[in-house]
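Have a look at the structure below before the remarks.
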Amino acid sequence: MQLLRIRIPAFRNLRDLDIAFASHLPPTAGASADAQPKPIRSHALIGQNGTGKSNLIEALITIFRDVDLDREAAFDYALEYSIRGHAVRIEADTAKQKRPYVWVDGKAESQGHLLKNRELLPAHIFAYYSGRNERIEALFQEHQRRFNQRQEITTDEVLTGATLSAFTDSARFLGLEQELRKFNGKQEKDLDSDELAELHRIQLELKPFEEQRAQFLERTEARNRGRLAQLGDDRLRRLFYCRGGHSQLVLLACLLSDDPVFQKVLNNLHIESLESALFVLKEPHRLREKRRGGKFDEQELNEGDSRFWYARGNVVSEFLDKLWQVAWAPIEQEATKQIDFRGRSENRSSSTCSCPARTSSSNSASWSAAPTASSAMPKALISAT
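Following this line, the structure appears as structure tokens:
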């Protein structure tokens with residue numbers, strides 16, 4: 294994707310902004326006559342404090358966020374960019390129309406057309422801010438909320454035994470299942486007329502139970518499909534705001550990967566290998582409130598992991614379980630933390646897991662990608678909620 298031009302009449306301290314982004318660098322002085330311009334892959338905003346750098350970045354994020362969420366335009370603008378061989382122009386004039394006008398390769402389209410053809414939109418918008426910028430971070434909250442809800446729905450897709458037992462625990466159903474077992478391994482052609490009649494009777498009586506269960510599963514699947522459709526198909530969050538702790542997770546991923554790109558990053562940083570990683574897991578606020586109020590339902594207690602405050606989710610559960618297996622003596626603790634300037638405090642639960650780069654042979658498969666120890670061995674402190 295390449296930004297080409299952006300025009301903003303008024304946004305925060307920006308007035309009559311009109312920026313054309315160069316796409317190629319002209320040949321330098323003294324270059325040969327046949328030298329070709331070099332394509333520009335990225336741009337940098339450079340300026341003194343208060344000149345509007347962050348506001349321009351905020352405006353770009355807002356534009357793509359509102360399009361991705363199919364919202365009305367928040368302000369007037371005109372944005373042009375090229376992406377995957379297409380030229381896209383988005384123009385918002387809120388006095389005439391609430392949603393922006395769209396042109397693709399010169400043809401008038403709609404915002405909905407971009408959502409149906411996502412190759413016309415950036416795959417990901419990744420933001421990192423040195424220091425704290427709550428205003429920019431807030432632009433990513435809706436995508437974070439939808440991601441969290443999607444994770445919960447994915448967890449709920451696995452039906453509990455209690456749910457299925459509603460269709461299988463009736464005395465009549467269990468009796469028919471028991472009667473049917475005596476025909477296991479037998480072919481109908483080998484049965485006499487009385488046995489064949491009995492088999493057909495059992496199958497006929499089981500049919501309503503099986504149909505009822507199939508209808509319930511289909512309704513459940515349809516409900517989850519509808520909920521997921523409302524949240525969109527953003528499994529990896531197209532808009533992602535990188536917080537401080539994420540940088541340590543990226544470093545850990547580099548250390549655990551054999552990918553040559555990651556290895557190049559480590560070489561540039563003069564990092565050779567990993568000695569150990571210390572994971573500090575903090576009880577999520579949502580689960581803390583449920584625990585204190587005794588509001589966990591039976592399904593959460595059955596499916597959640599008691600070691601991690603009954604957290605659920607396929608990815609999270611698998612990772613935390615593996616982490617617990619390879620950790621040296623995980624420590625659980627509850628400490629009083631000050632939560633505001635007035636001195637108010639509350640008890641917060643956490644678990645600390647120290648993981649070596651190399652584990653005992655019984656657990657070595659869990660960290661098989663970890664590099665061998667060498668002279669330069671940084672420690673990584675990972676804090677997650």
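Going by this note's numbering, the sequence shown opens with residue 294, and the numbers climb by one from there.
Beta carbons: idealized from backbone N, C-alpha and C, even for Gly.
Apart from sequence neighbours up to five positions away, the residues of its chain that approach Glu498 with a beta-carbon distance below 6 Å are Leu469, ordered along the chain. Ranked by Cα distance from Asp309, the options Gly586, Ile299, Ile354 and Val554 are led by Ile299.
Per the Cβ contact rule, the stretch 335-349 is not in contact with the stretch 392-404 (fewer than 3 Cβ pairs under 8 Å). Under the DSSP definition of a beta bridge, Arg605 lacks any partner. Between Phe476 and Leu492, the CB-CB gap stays under 7 Å. For Asn595, the enclosing alpha helix (DSSP H) stretches over residues Glu591 to Glu596. Here Tyr370 is bridged, per DSSP, to Ala385. Per DSSP, Ile350 lies in no beta strand (DSSP E); the unbroken alpha helix (DSSP H) holding it starts and ends at Lys346 to Asp361. In the DSSP assignment, Lys630 falls within the unbroken beta strand (DSSP E) covering Trp621 to Gln631. Residue burial is scored here from C-beta neighbours: Gln505 has fewer than 16 other C-beta atoms within 10 angstroms and is therefore classed as exposed.
DSSP, reduced to helix, strand and coil, places Gln295 within a strand of the structure shown.
Taking a C-beta distance under 7 Å as the contact criterion, His436 and Leu532 qualify as a contact pair. Judged by DSSP secondary structure, Ile429 falls within the alpha helix (DSSP H) whose first and last residues are Glu427 to Ala431. Shown here for Ile624: same chain residues with a beta carbon closer than 6 Å to its own, the five before and five after excluded, namely Thr645 in chain order.
Here the stretch 407-417 lies against the stretch 356-367, with 3 or more beta-carbon pairs under 8 Å apart.
Closest in C-alpha terms to Leu616, from the list Glu593, Lys588 and Ala570, comes Ala570.
Secondary structure at Asp552: coil, using DSSP grouped into helix, strand and coil.
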